[in-house]
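Heads up: the sequence lines are chains P and E, in that order. Be aware that the first sequence starts at 1, since it is given in this note's numbering, and climbs by one per residue. Be aware that the second sequence starts at 412, since it is given in this note's numbering, and climbs by one per residue.
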Amino acid sequence: MTNAELPTAANPGPFGHKQRKNFLFPENYTQFNHGSYGTFPKVVQDDIRAFQDRCEQNPDRWNRCDLFTYMDDIRTQLAEFINCDKAELALVNNTTAGVNTVLRSLPFVPGDRILVLSTGFIAVNQTVRYICDAHEDVKVIEVPVTFPLSDKDLLNKVEEALKAHQELKDGSRIKLGIVDWISSVPSVIHPVKELVELLHSYGALVYVDGAHTIGQVPVDLGYLRPDFYITNCHKWLFSARGSALLYVAKRHQHLIHPISITGDYNSGFEKEFSFLGTQDYSSILSILTALKFRKQYGEDAIISYTHSLAIEGGKAMAKILGTHTLTRDDDDKVANMVNVALPIKDLKHPKANNADFMKIMLDKYNLYTPAFIHGDHLYTRVSAQIYLELEDFVRLANIWKEVIEGLNASS
Amino acid sequence: MTKTELPTAANPGPFGHQQRKNFLFPENFTQFNHGSYGTFPKVVQAEIRAYQDLTEQDADRWNRRDLFPVMDNIRTQLAEFVNCDKAELALVTNTTVGINTVLRSLPFVPGDRILVLSTGYISVNKTVSYICDTQEDVKVVEVPVTFPLSDKDLLTKVEDALKAHKELRDGSRIKLGIVDWISSVPSAVHPVKELVELLHSYGALVYVDGAHAIGQVPVDLGYLRPDFFITNCHKWLFSARGSALLYVAKRHQHLIHPTAISGLYKSGFENEFAYAGTQDYSSILSILSALQFRKQYGEDAIISYTHSLAVEGGKAMAKILGTHTLTGDNDDQVANMVNVALPLKDLSHPKANTKDLMEILMDKYNIFTPAFRHGEHLYTRVSAQIYLELDDFVRLGNIWKEVIDDLNASS
């Protein structure tokens, strides 16, 4: 398919509601929040169960022998998918595990500083907090970030923080910077290549939190060249929950050990990470079927559709709500997730919080999109996917309009 | 049931081959190695899949809300099962994770010593190695243990090691002792209550590695009073792989954090461990149907049968092979697993290793029991279970006789 032929919101091609039958949704349910927990097609579930059955037929043969062939094949395929050396890849359960793997392995010494952005995922920033608590004189440098923010301004903010630290001349050093490729809440694509180069130029290692990347944007680690990178396959790649990919550049592998040390300790990176202890590996193995499912359409087609739908869907919602999207006209900052401002009159309304909104959304409307305050607005984040169409976004906007009007009336 | 009515190898009651239909075994496969990876009944698999389906119907409703009361109910039931305060329990993926959770949280300082037994599980001892490698002047004190060894002699050995350390008077202290309740390979029931008291009397904390305990022996933490305890539910309790129970005494909880720090860092032990990040929780949830399945028969009945079968089965095999069991007449050191000596003439035979023997057993006979060298003999470890009968052990004895006869002939 040429670019002109790739599916879009206006021309869904093989996507849209016809995809629903490939998934596991009940009749009356629409998934607008794929970004949080993902979901997978029926064929992936079938294969998961086939793997589980095979394991029970002979758990020793499976866990001692056959499992490893599949795990290895997954790394081979993913290495090609993201353009890196297979020997630099490990399969782990999720991003939180991947971030802890690196942070709890790195030998921090007094004077080390870890740079994060305020918009980093909460589990990541809490892990950094733990590292600071558990080490003498290791501190966090948090760069305050509020969107909307152009790439240029974001890079300036980070560089200012780096310069300000340099000015301290107190003997401390920024050992590591952790940056989102696509942040979670709010969801925004960051200028990740420039961030990696910037942090490297100041002598810091870089951990790219790509939790939301694989399957949502093209990933090329040969181009990006981070020191560490993690991505959840169960978010946008259509594999089952509990399947993530960790990248550790060869030059650092001697330092990095799993969060759960096994009998293969000190046998080398690939061996140490080849087995996570006794667990159900079918989620990880589901990556194979997920890749096969996606190959039917091609990554370009999928990404073209979901991106186009997020943009057009966001515009449609903002129009109905009389508001705006967080990233306005900056379509490059939107992949599949769009943050739409909600027209609440009083940001301090007691029910203007995610827990209360969730209750209303689930109980009354049988759907859910996370709501959060960022800067001076209340936003909701909506995830486009191949099983959605533009009219779903229209419906969602009208629901949110009703909900917010209800709150505005009760102010 | 009174004691005289409890099922035994001679009088299987509801157990034996009639149980096979409740499990997932193919016609031609007999599981003699339940101890390594466990397995679960069909009803448990059905429940797992029901939970998986429930999740996919509304991933947000499940992962943000409905999952938690179910997890909570598991801890309530298990707290009653093991006689402890629910607030001291956390659900984790497996023993290796449970060991790493505590060891990588404890604030070791220079001069700390960690006591282990040489028969400790490899992942456990490797985790201790990792701790020693990454902390200044933290060292392991390894007590060499060779079975057969009476409880009395084992306790004496450990006490000798504690005394010898005291004699050093080098300012170091034994901070923590890690002891098996039932070791893996070889498998022997240890005098765990006395070990806890002994180590406590020398001022050490005690981590009881009860990986093999729950469902195999009665567990009473109110009686045992360890500082830390871990047990795999997926080994002997009939839940699915990836479900384990961690106990941390209240007095230590402020020190202990998950191996993967989450957004709930510093919210208190129960909150911090309530959610292990995005994964498939159905293995952990399967604990509920496992408990329900076992309740049909009662723990006493199950444990009576499997213990009796291990003892009688071990005797029968030893007779066929013309050898002995590791624990001899010491039936108290056998729970469900028995180690039978193999009549190999030459211990240095090139094929006398776990891997080669595994290939022969799997490829030629479609069964597997781990073989290992301990002391002066080659042993195999056999796991009794409710789906086995005495004639299975006889058949296994004859298979091993044939295998070893072949090796002896080719020496």
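Cβ coordinates follow ideal geometry from the N, Cα and C atoms, glycine included.
Could you list which residues in chain E have their beta carbon closer than 7 angstroms to that of residue i, in chain order?
i                      : result
residue 259 of chain P : 511, 670, 671
residue 96 of chain P  : 671, 673, 688
Please state the DSSP three-state secondary structure of residue i.
i                      : result
residue 750 of chain E : strand
residue 584 of chain E : strand
residue 667 of chain E : coil
residue 745 of chain E : coil
residue 824 of chain E : Nothing about residue 824 of chain E can be reported from this structure: the residues present for chain E run from 412 to 822 only.
residue 302 of chain P : helix
residue 389 of chain P : coil
residue 194 of chain P : helix
residue 177 of chain P : strand
residue 187 of chain P : coil
residue 381 of chain P : strand
residue 417 of chain E : coil
residue 512 of chain E : helix
residue 494 of chain E : coil
residue 847 of chain E : Residue numbering for chain E in the displayed model covers 412 to 822; residue 847 of chain E lies beyond these limits and cannot be assessed.
residue 598 of chain E : coil
residue 416 of chain P : The structure shown does not extend to residue 416 of chain P, since chain P is modelled only from 1 to 411, so the question has no answer here.
residue 643 of chain E : strand
residue 351 of chain P : coil
Residues of chain P with CB closer than 7 angstroms to the CB of residue i, please, in chain order.
i                      : result
residue 469 of chain E : 29
residue 540 of chain E : 265
residue 437 of chain E : 57
residue 508 of chain E : 260, 277
Hey, does residue i have any beta-carbon neighbour from chain E nearer than 8 angstroms?
i                      : result
residue 26 of chain P  : yes
residue 241 of chain P : yes
residue 234 of chain P : yes
residue 129 of chain P : yes
residue 123 of chain P : yes
residue 37 of chain P  : yes
residue 291 of chain P : no
residue 379 of chain P : no
residue 358 of chain P : yes
residue 362 of chain P : yes
residue 93 of chain P  : yes
Skipping 5 residues on each side, what residues in its chain have a beta carbon closer than 8 angstroms to that of residue i?
i                      : result
residue 52 of chain P  : 280, 282
residue 54 of chain P  : 62, 66
residue 604 of chain E : 634, 635
What residues of chain E sit near residue i, judged by a beta carbon separation below 9 angstroms?
i                     : result
residue 33 of chain P : 470, 471
Grab me the residues of residue i's own chain with a C-beta within less than 6 angstroms of its C-beta, minus the 5 sequence neighbours each way, in chain order.
i                      : result
residue 785 of chain E : 597
residue 787 of chain E : none
residue 9 of chain P   : 308, 309, 312, 390
Under 9 angstroms between beta-carbons, which chain P residues line up against residue i? List them in chain order, please.
i                      : result
residue 652 of chain E : 55, 59, 63, 278, 279, 280, 281
What does residue i touch in chain P if you count any residue whose Cβ is under 8 angstroms from its own?
i                      : result
residue 515 of chain E : 104, 259
residue 598 of chain E : Ordered by position in chain P, no residue passes the 8 angstroms Cβ test against residue 598 of chain E, which lies about 16 angstroms from the chain.
residue 450 of chain E : 56, 59
For a contact defined as C-beta to C-beta under 8 angstroms, what are the partners of residue i on chain E?
i                      : result
residue 71 of chain P  : Those within 8 angstroms of residue 71 of chain P in chain E number zero; the least Cβ separation is about 15 angstroms.
residue 296 of chain P : Ordered by position in chain E, no residue passes the 8 angstroms Cβ test against residue 296 of chain P, which lies about 20 angstroms from the chain.
residue 342 of chain P : Those within 8 angstroms of residue 342 of chain P in chain E number zero; the least Cβ separation is about 18 angstroms.
residue 11 of chain P  : Per Cβ cutoff of 8 angstroms: no residues; residue 11 of chain P is ~29 angstroms from chain E at best.
Looking only at its chain, what residues have a beta carbon closer than 7 angstroms to the beta carbon of residue i, apart from the 5 residues adjacent to it on each side?
i                      : result
residue 347 of chain P : 373, 378
residue 742 of chain E : 722
residue 433 of chain E : 452, 453
Looking at chain P, is there any beta carbon in it that lies within less than 8 angstroms of the beta carbon of residue i?
i                      : result
residue 537 of chain E : yes
residue 810 of chain E : no
residue 691 of chain E : yes
residue 806 of chain E : no
residue 475 of chain E : yes
residue 642 of chain E : no
residue 821 of chain E : no
residue 593 of chain E : no
Contact criterion: CB-CB distance below 8 angstroms. Does residue i meet it with respect to chain C?
i                      : result
residue 368 of chain P : The structure shown contains no chain C; its protein chains are P and E.
With hydrogens ignored, establish whether the beta-carbon of residue i is closer than 7 angstroms to any heavy atom of the ligand ATP.
i                     : result
residue 56 of chain P : As for the ligand ATP, it is missing from this structure, which has no ligand bound.
Evaluate the contact criterion for the stretch 466-475 of chain E versus the stretch 53-62 of chain P: three or more CB pairs, one atom per stretch, below 8 angstroms. no
Assess contact between the stretch 633-644 of chain E and the stretch 97-109 of chain P, defined as three or more Cβ pairs (one per stretch) separated by less than 8 angstroms. Is contact present? no
Using a Cβ distance threshold of 8 angstroms, determine whether the stretch 450-461 of chain E contacts the stretch 688-707 of chain E, with at least three qualifying pairs required. yes
Please confirm if the stretch 289-301 of chain P is in contact with the stretch 660-668 of chain E, defined as three or more CB-CB distances below 8 angstroms between the two stretches. Contact check between the stretch 289-301 of chain P and the stretch 660-668 of chain E: fewer than three CB pairs, one atom from each, fall below 8 angstroms, which does not count as touching.
Inter-stretch contact at 8 angstroms, needing at least 3 Cβ pairs: the stretch 428-442 of chain E / the stretch 763-773 of chain E: no
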